[in-house]
Structure formats: C-alpha cells, structure tokens
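Under the working numbering, the residues of the sequence shown are numbered 62 to 150, in order.
A virtual CB, placed ideally from N, CA and C, is assigned to each residue, including glycine.
As the structure is a prediction and not an experimental result, all values here were calculated from the model.
Working notes for the structure below.
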Amino acid sequence: MPPSVFQMLERNVGKKIRVILDPAYGFEGNLAAVTHEPSGIWLSDAEAVVLRATIAQPIPQVASREERSELFLNLNSVQRIEVLHAPRR
C-alpha cells in the first residue's frame, strides 16, 4: 500500500468509519489501529452492515446491521473507506 493511504488512516484513528468490502456489504466501527504488515485495520465496536441501493435512491444506504466486536480487515479486500461524521444540528 502507498504510504499516503497509511497516513490518511493513522490521522483518523479513534473516529467512526465505514469500510465497504463489496457493493452490498461492509462494516462500521471505530478505527482502533492501522497495521503495515499485514496491511490492515482494526475496528472496535464493529457492526456488519448490508447496503442497498434502488433506482429511486442510487446511493447505497444501510439496510441492516449485525453486531460484531473487534475486527481485523485486510486492506487488499477493501473497496472503499468512509469517515462518518456526527450529524450537524
């Protein structure tokens, strides 16, 4: 992995993220750690999420959640990582 990917991930340690593994499945949780060998990330308080998109709503939305705990994800299997921000009031 390029160093810039690790720098971006390390800046976001402690924040809530969504990791997309394929267009319909991913995980949400707090980014706990970033590892270089093997290249991956650790999520704490993780949840498995199923994503759905429709013709009327083309941006995938979370359709269901399943609770997990600690989770390691290899970066070779990750399609996208999103940093989730608290909703503004």
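{"query": "What alpha helix (DSSP H) runs, 4 residues minimum, are completely inside the segment 62-109?", "result": "64-72"}
{"query": "With three or more beta-carbon pairs closer than 8 Å as the criterion, would you say the segment 137-147 touches the segment 118-125?", "result": "no"}
{"query": "Which term fits Phe-88, buried or exposed, when burial requires 16 or more other beta carbons within 10 angstroms of its beta carbon?", "result": "buried"}
{"query": "If I measure Cβ to Cβ from Arg-126 and keep anything under 6 Å in the same chain, skipping five residues before and after, which residues do I get?", "result": "Glu-108, Val-110"}
{"query": "What is the DSSP secondary structure of Ser-138, reduced to helix, strand or coil?", "result": "helix"}
{"query": "What's the gap between the Cα of Lys-77 and the Cα of Leu-70?", "result": "12 Å"}
{"query": "If you draw a straight line from the alpha carbon of Leu-136 to that of Asp-83, how long is it in whole angstroms?", "result": "13 Å"}
{"query": "Just confirm the distance between the C-beta atoms of Gly-101 and Phe-133, as a whole number of angstroms; I'd bet it's less than 8 Å.", "result": "6 Å"}
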